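Written below as structure tokens is the structure these notes are about.
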Amino acid sequence: GENVEQHPSTLSVQEGDSAVIKCTYSDSASNYFPWYKQELGKRPQLIIDIRSNVGEKKDQRIAVTLNKTAKHFSLHITETQPEDSAVYFCAASINSGYALNFGKGTSLLVTP
Amino acid sequence: SAVISQKPSRDICQRGTSLTIQCQVDSQVTMMFWYRQQPGQSLTLIATANQGSEATYESGFVIDKFPISRPNLTFSTLTVSNMSPEDSSIYLCSVQGGVDTQYFGPGTRLTVL
Chain C
14 GENVEQHPST LSVQEGDSAV IKCTYSDSAS NYFPWYKQEL GKRPQLIIDI
64 RSNVGEKKDQ RIAVTLNKTA KHFSLHITET QPEDSAVYFC AASINSGYAL
114 NFGKGTSLLV TP
Chain W
35 SAVISQKPSR DICQRGTSLT IQCQVDSQVT MMFWYRQQPG QSLTLIATAN
85 QGSEATYESG FVIDKFPISR PNLTFSTLTV SNMSPEDSSI YLCSVQGGVD
135 TQYFGPGTRL TVL
């Protein structure tokens, strides 16, 4: 089955700096890659996703890049703010309507 | 996006008992999923619940322990049977909403004593 690796497990940045979280996947059939943000005690919230026919997608301060050949994708957050502090999960599936295989998560702390 | 509710939001149960968790969606969805999130961990898929057919379970999860019902396109239940402290987790349902994204319910926080 699909195996999703996520790094780093923890990340601490100063407010205003950029943060990058990286994931790799094993199943070449995977073609849908969402990122979720989970604040303490809350449900995971979809923040951005990308499909295998696209190499990069951007939404304001958040961007995701995908390298299908290397089977890795990354989340980039620019101009980080304290409210970006949360656990971020990457995931992969063979299609957006199918079950998600999650990475282990990255705990991001943005200090003022 | 779909509006998803779960009941109960939390519960404390005794070892050996069972708990049924409900997931209700405000629109019809083809596929619903049940995940488990152990404390401080990632999300692990338990099973996929399809209306009109038996649920499909992931490796390590069995129907006797986690029976699932899917009576219609807006509702599903997950039962955690014969509970032990190791079953203490957050249980989340998710659905495909809108065009092709997945949304999660608020979760059920289960503590087994």
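Protein sequences, first through last, are from chains C and W. One gets the working numbering by counting positions in the first sequence from 1 and adding 13 to each. One gets the working numbering by counting positions in the second sequence from 1 and adding 34 to each. Backbone N, C-alpha and C define an ideal beta-carbon position, used for all residues, glycine too. Predicted model only: the values in this text are computed from it and were never measured.
- Message: Rounded to the nearest angstrom, what separates P95 (chain C) and V123 (chain C) at their Cα positions?
- Response: Position 82 of the first sequence holds residue 95 (chain C). Position 110 of the first sequence holds residue 123 (chain C). In a straight line, the C-alpha of P95 (chain C) is about 5 Å away from that of V123 (chain C).
- Item | G50 (chain W) versus F138 (chain W) - alpha carbon distance | Translated into the one-based positions of the second sequence, residue 50 (chain W) becomes position 16. Translated into the one-based positions of the second sequence, residue 138 (chain W) becomes position 104. Distance between the alpha carbons of G50 (chain W) and F138 (chain W) is about 28 Å.
- Taking only beta-carbon atoms, is A112 (chain C) less than 8 Å away from chain W? Taking the first residue of the first sequence as 1, we reach residue 112 (chain C) at position 99. Cβ-Cβ to chain W under 8 Å: yes for A112 (chain C).
- Query: Excluding the five sequence neighbours on either side, which residues of its own chain have a C-beta within less than 7 Å of the C-beta of E92 (chain C), listed in chain order?
  - Reply: By one-based count along the first sequence, residue 92 (chain C) stands at place 79. These residues qualify, in order along the chain: G29, R74.
- Would you report the Cα separation of Q48 (chain W) and I80 (chain W), rounded to the nearest angstrom? Residue mapping note: residue 48 (chain W) aligns to position 14 of the second sequence, counting from 1. Residue mapping note: residue 80 (chain W) aligns to position 46 of the second sequence, counting from 1. Those two C-alpha atoms are separated by around 22 Å.
- Where the stretch 70 to 93 of chain W meets chain C: residues whose CB sits under 7 Å from a CB there: S76, L77, L79, T82
- Nearest residue (CA-CA) to P47 (chain C), options C:A99, C:S120, C:L79, C:S98: Within the first sequence, residue 47 (chain C) is the residue found at index 34, counting from 1. P47 (chain C) has its Cα closest to that of C:L79, out of C:A99, C:S120, C:L79, C:S98.
- Item | For E18 (chain C), the three-state DSSP class (helix, strand or coil) | Working through the first sequence from its first residue, we reach residue 18 (chain C) at position 5. Correct three-state label for E18 (chain C): strand.
- Message: Under 8 Å: do the stretch 107 to 122 of chain W and the stretch 107 to 121 of chain C share three or more Cβ pairs, one atom per stretch?
- Response: no
- Query: In angstroms, rounded to a whole number, what distance separates the CA positions of V146 (chain W) and I46 (chain W)?
  - Reply: One-based indexing of the second sequence puts residue 146 (chain W) at position 112. One-based indexing of the second sequence puts residue 46 (chain W) at position 12. If I take the Cα positions, the gap works out to 6 Å.
- Item | CB contact check: Y137 (chain W) to chain C, cutoff 8 Å | Here residue 137 (chain W) refers to the residue found at position 103 when the second sequence is read from its first residue. Chain C contact via Cβ: present.
- Task: Grab me the residues of D121 (chain W)'s own chain with a C-beta within less than 8 Å of its C-beta, minus the 5 sequence neighbours each way, in chain order.
- Result: For this step, residue 121 (chain W) is matched to residue 87 along the second sequence. Excluding residues within five positions, the ones whose Cβ falls inside 8 Å are V114, L144, V146.
- Task: Starting from the beta carbon of F95 (chain W), find every residue of chain C whose beta carbon is closer than 8 Å, and list them in chain order.
- Result: Reading the second sequence from its first residue, position 61 is the one you call residue 95 (chain W). Correct list: empty, because the minimum Cβ distance to chain C is about 12 Å.
- C97 (chain C) by DSSP, collapsed to three states: which one? On the first sequence, position 84 is the one that residue 97 (chain C) refers to. The displayed chain sequence assigns Asp, not Cys, to residue 97 (chain C). Residue state, collapsed to three classes: helix.
- Give a yes or no on whether 8 Å exceeds the smallest Cβ distance from D62 (chain C) to chain W. Mapped onto the first sequence, residue 62 (chain C) falls at position 49. Yes - at least one Cβ of chain W is within 8 Å of the one on D62 (chain C).
- Length-filtered (3 minimum) beta strand (DSSP E) runs lying within the stretch 55 to 109 of chain W: 65 to 71, 77 to 84, 102 to 106
- Query: Based on the DSSP secondary-structure assignment, which residues constitute the bridge partners of D72 (chain C)?
  - Reply: Along the first sequence, one-based indexing puts residue 72 (chain C) at 59. According to DSSP, D72 (chain C) bridges with C:I75.
- Task: Just confirm the distance between the C-beta atoms of S98 (chain C) and L121 (chain C), as a whole number of angstroms; I'd bet it's less than 8 Å.
- Result: Within the first sequence, the letter at position 85 stands for residue 98 (chain C). Within the first sequence, the letter at position 108 stands for residue 121 (chain C). Confirmed, about 6 Å.
- Message: Using C-beta distances below 8 Å, list every residue in its chain close to G116 (chain C), excluding the 5 sequence neighbours before and after it, in chain order.
- Response: Within the first sequence, numbered from 1, the residue matching residue 116 (chain C) stands at position 103. V17, E18, Q19, C36, F102, C103, A104, listed in sequence order.
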